[in-house]
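*Asks:* With my numbering as the guide, the letters of the sequence shown map in order to residues 3 to 380.
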Amino acid sequence: MHKDLIKFVRKEFNSEEFIPLHIPTFKGKEKEFLAECIDSTFVSSVGAYVNLFEDNLSAITKTKKTIAVVNGTSALQVGLRLVGVKKDDEVITQALTFVATANAIAYNNANPIFLDVDRDTMGLSPKAVKNFLEEFGELREDGCYNKKTGRRISACMPMHTFGFPVHLDELLKVCQDWSIPIVEDAAESLGSEYKGKPTGGFGEVGGFSFNGNKIVTCGGGGAIVTNNIDLGNRGKFLTTTAKQAHPYEYVHNELGYNFRMPNLNAALACAQLEQLNGFIDNKRELATRYKTFFDSKGINFRTESEDTKANYWLMCLELNNKNERDLLLRETNNSGVMTRPIWQLMFRLPMYQHCQIDSQENAKFLEERIVNIPSSVR
Ligand SMILES: *Cc1c(COP(=O)(O)O)cnc(C)c1O
3 MHKDLIKFVR
13 KEFNSEEFIP
23 LHIPTFKGKE
33 KEFLAECIDS
43 TFVSSVGAYV
53 NLFEDNLSAI
63 TKTKKTIAVV
73 NGTSALQVGL
83 RLVGVKKDDE
93 VITQALTFVA
103 TANAIAYNNA
113 NPIFLDVDRD
123 TMGLSPKAVK
133 NFLEEFGELR
143 EDGCYNKKTG
153 RRISACMPMH
163 TFGFPVHLDE
173 LLKVCQDWSI
183 PIVEDAAESL
193 GSEYKGKPTG
203 GFGEVGGFSF
213 NGNKIVTCGG
223 GGAIVTNNID
233 LGNRGKFLTT
243 TAKQAHPYEY
253 VHNELGYNFR
263 MPNLNAALAC
273 AQLEQLNGFI
283 DNKRELATRY
293 KTFFDSKGIN
303 FRTESEDTKA
313 NYWLMCLELN
323 NKNERDLLLR
333 ETNNSGVMTR
343 PIWQLMFRLP
353 MYQHCQIDSQ
363 ENAKFLEERI
373 VNIPSSVR
């Protein structure tokens with residue numbers, strides 16, 4: 003079976019060399035925009051491409067305001083601060099995620115609570131959140147508190163794993179019932195839709211990443227999106243050193259960040275965003291071909307759930323058990339076809355071992371079985 007898989011991947015990517023998991027594609031106006039950016043001398047923290055990028059991303063995500071930032075992690079960090087996360091608060095998220103999700107919480111000096119994911123979406127389970135809050139939640143005048151720790155639960159951060167949207171309607175309902183704002187970690191799900199609406203715009207705030215391995219890249223970059231104009235303006239203020247508007251004086255009245263996306267990166271991002279729909283079509287076509295191939299082998303190729311359209315950023319298999327997974331990882335990687343297991347659960351990492359968790363039944367199941375396979379645009 004693994005020989006057939008290796009052959010299939012090599013044929014799809016038309017290569018006998020090393021096949022990575024995900025590499026960028028630059029087939030649009032990247033060089034044109036970059037040259038124009040350099041000629042303009044505006045290569046740094048302000049410039050026309052930054053504004054254009056913000057407008058274009060708002061159009062794509064159907065949100066009212068976008069703030070371009072230096073990476074996805076900083077987008078999430080500031081997103082949490084925008085919805086009111088403070089020192090010693092708690093933030094609900096999933097243990098099955100990339101470490102940046104949890105780090106963004108810790109950078110606010112807040113504590114993650116790691117809850118289980120759903121088996122189908124691999125993202126935060128609304129049922130797990132509901133169960134947790136029914137056991138530990140207490141609604142007070144200024145929000146939801148954790149009865150066990152006495153701390154305020156000031157946000158919930160779901161992550162749309164590999165571009166598969168979580169069950170948003172159910173999650174929005176439970177978070178609304180408990181007065182907990184949602185900050186979507188949409189770093190992996192640019193262009194993915196839930197009931198016809200793009201991910202990132204469902205929560206109070208959403209965060210995107212444009213890192214080199216994402217579906218669209220600008221070298222490094224991120225964005226905060228929101229439909230709340232006031233929050234958006236405050237986000238721009240905080241990420242640009244909290245400098246008050248003045249024609250020439252420096253006036254800073256609170257602790258801000260220099261998280262600005264350089265115009266140079268924004269130029270690249272603008273050229274990439276123009277190709278997003280083409281990238282998604284290309285990936286969805288590869289997903290269809292993988293599905294047919296793996297069906298014929300009796301292997302579970304993960305597909306989007308009902309009511310969603312996934313961007314198929316990183317495609318993945320669900321093996322029957324850890325032994326099968328390890329065998330596949332070994333044989334493919336030894337043959338120069340890159341595959342990778344899903345992340346270690348966050349509460350196993352030294353800095354998050356003390357955090358409150360629930361059963362993690364689905365997260366542990368998926369942790370042993372999910373493998374990413376080459377997914378680049380061809
Ligand atoms: C990539 C990623 C991030 C962070 O993005 P950076 O731009 O690398 O900082 C955050 N969360 C998830 C789930 C990611 O995959």
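Glycine residues also receive a C-beta, built at the ideal position from the N, C-alpha and C atoms.
Pick out the complete beta strand (DSSP E) segments inside the segment 146-217, 3 residues or longer, and give them in chain order.
*Replies:* Here the runs fully enclosed are 154-159, 185-187 and 207-211.
*Asks:* Between the Cα of Ile69 and those of Ile226, Lys199 and Asp144, spot the shortest distance and give me the residue it belongs to.
*Replies:* If you number the sequence shown from 1, residue 69 lands on position 67. It is Ile226.
*Asks:* Using 8 Å as the threshold, is the segment 291-308 in touch with the segment 83-101, meaning 3 or more CB pairs across them?
*Replies:* Result no; under three Cβ-Cβ pairs closer than 8 Å.
*Asks:* Check this for me: beta carbons of Phe349 and Ala97, under 9 Å apart or not?
*Replies:* Translated into the one-based positions of the sequence shown, residue 349 becomes position 347. Translated into the one-based positions of the sequence shown, residue 97 becomes position 95. Going by C-beta atoms, Phe349 is nearer than 9 Å to Ala97.
*Asks:* Suppose you measure from the CA of Thr27 to the CA of Asp232; what does that come to, to the nearest Å?
*Replies:* Translated into the one-based positions of the sequence shown, residue 27 becomes position 25. Translated into the one-based positions of the sequence shown, residue 232 becomes position 230. Cα-Cα distance, rounded: 36 Å.
*Asks:* Compute the Euclidean distance between the alpha carbons of Lys285 and Cys318, then round it to the nearest angstrom.
*Replies:* Position 283 of the sequence shown, counting from 1, holds the residue named residue 285. Position 316 of the sequence shown, counting from 1, holds the residue named residue 318. Going from the Cα of Lys285 to the Cα of Cys318 covers about 12 Å.
*Asks:* Rounded to the nearest angstrom, what separates Thr228 and Ser76 at their Cα positions?
*Replies:* Residue 228 sits at position 226 when you count from the first residue of the sequence shown. Residue 76 sits at position 74 when you count from the first residue of the sequence shown. When rounded, the distance between both Cα atoms is 15 Å.
*Asks:* Which of helix, strand or coil does DSSP assign to Ala273?
*Replies:* Position 271 of the sequence shown, counted from the start, is the residue given in the question as residue 273. Residue state, collapsed to three classes: helix.
*Asks:* So the alpha helix (DSSP H) Phe35 belongs to, where does it begin and stop?
*Replies:* For the purposes of this step, residue 35 is identified with residue 33 of the sequence shown, where counting begins at 1. Looking at the DSSP string, the run of the alpha helix (DSSP H) that includes Phe35 is Glu32 to Ser42.
*Asks:* Which whole-angstrom value is the C-beta distance of Val168 and Gly224, which I expect to be below 8 Å?
*Replies:* Locating residue 168 in the sequence shown gives position 166, where the first residue counts as 1. Locating residue 224 in the sequence shown gives position 222, where the first residue counts as 1. At roughly 20 Å, the Cβ-Cβ gap does not stay under 8 Å, so Val168 and Gly224 are not in contact.
*Asks:* Is it the case that the segment 111-130 contacts the segment 157-175, given that we only count it when at least three CB pairs across the two stretches are under 8 Å?
*Replies:* Yes, the segment 157-175 is in contact with the segment 111-130.
*Asks:* Decide yes or no for the touch test of the segment 37-51 against the segment 201-219: beta carbon pairs closer than 8 Å, at least 3 of them.
*Replies:* Output reads no: the segment 201-219 does not touch the segment 37-51.
*Asks:* Could you check if Leu391 belongs to the surroundings of ligand 1, using beta carbon to heavy atom distance under 8 Å?
*Replies:* Because the chain spans 3 through 380 in this model, residue 391 falls outside it and cannot be assessed.
*Asks:* Of all the options Lys9, Lys245 and Met340, which has the alpha carbon lying nearest to the alpha carbon of Thr20?
*Replies:* As a first step, residue 20 is located in the sequence shown; it is residue number 18 there, counting from the start. In the sequence on display, residue 20 carries Phe and not Thr. The candidate whose alpha carbon is nearest that of Phe20 is Met340.
*Asks:* In terms of residue numbering, what span does the alpha helix (DSSP H) encompassing Gly300 cover?
*Replies:* Here residue 300 corresponds to residue number 298 of the sequence shown, with the count starting at 1. First-last for Gly300: undefined, no H or E at that position.
*Asks:* Just checking my contact of Lys132 with Val176 at CB under 8 Å: how many whole Å lie between their CB atoms?
*Replies:* Reading the sequence shown from its first residue, position 130 is the one you call residue 132. Reading the sequence shown from its first residue, position 174 is the one you call residue 176. Confirmed, about 5 Å.
*Asks:* Between the alpha carbons of Thr103 and Met161, how many angstroms are there, rounded?
*Replies:* Position 101 of the sequence shown, counted from the first residue, corresponds to residue 103. Position 159 of the sequence shown, counted from the first residue, corresponds to residue 161. The alpha-carbon atoms of Thr103 and Met161 are separated by roughly 8 Å.
*Asks:* Straight-line CA distance for Val45 to Asp57?
*Replies:* The residue given as residue 45 occupies position 43 in the sequence shown. The residue given as residue 57 occupies position 55 in the sequence shown. If I take the Cα positions, the gap works out to 19 Å.
*Asks:* Is there contact between the segment 346-361 and the segment 103-115, where contact requires at least three CB pairs shorter than 8 Å?
*Replies:* Yes: the two stretches touch, three or more of their Cβ pairs being nearer than 8 Å.
*Asks:* Tell me whether Ile62 is buried or exposed, calling it buried when 16 or more other Cβ atoms sit within 10 Å of its Cβ.
*Replies:* Along the sequence shown, read from residue 1 onward, the residue named residue 62 stands at position 60. Counting Cβ neighbours within 10 Å, Ile62 comes out buried, since at least 16 surround it.
*Asks:* If you pair each beta-carbon of the segment 189-197 with each one of the segment 274-282, do three or more pairs fall below 8 Å?
*Replies:* Output reads yes: the segment 274-282 touches the segment 189-197.
*Asks:* If you check the beta carbons only, do Thr243 and Leu7 fall under 9 Å apart?
*Replies:* Counting from one through the sequence shown, the residue named residue 243 turns up at place 241. Counting from one through the sequence shown, the residue named residue 7 turns up at place 5. Not in contact: Thr243 and Leu7 (Cβ atoms no closer than 9 Å).
*Asks:* What do you reckon, is the C-beta of Lys216 under 8 Å from a heavy atom of ligand 1?
*Replies:* Here residue 216 corresponds to residue number 214 of the sequence shown, with the count starting at 1. Lys216 Cβ: within cutoff of ligand 1.
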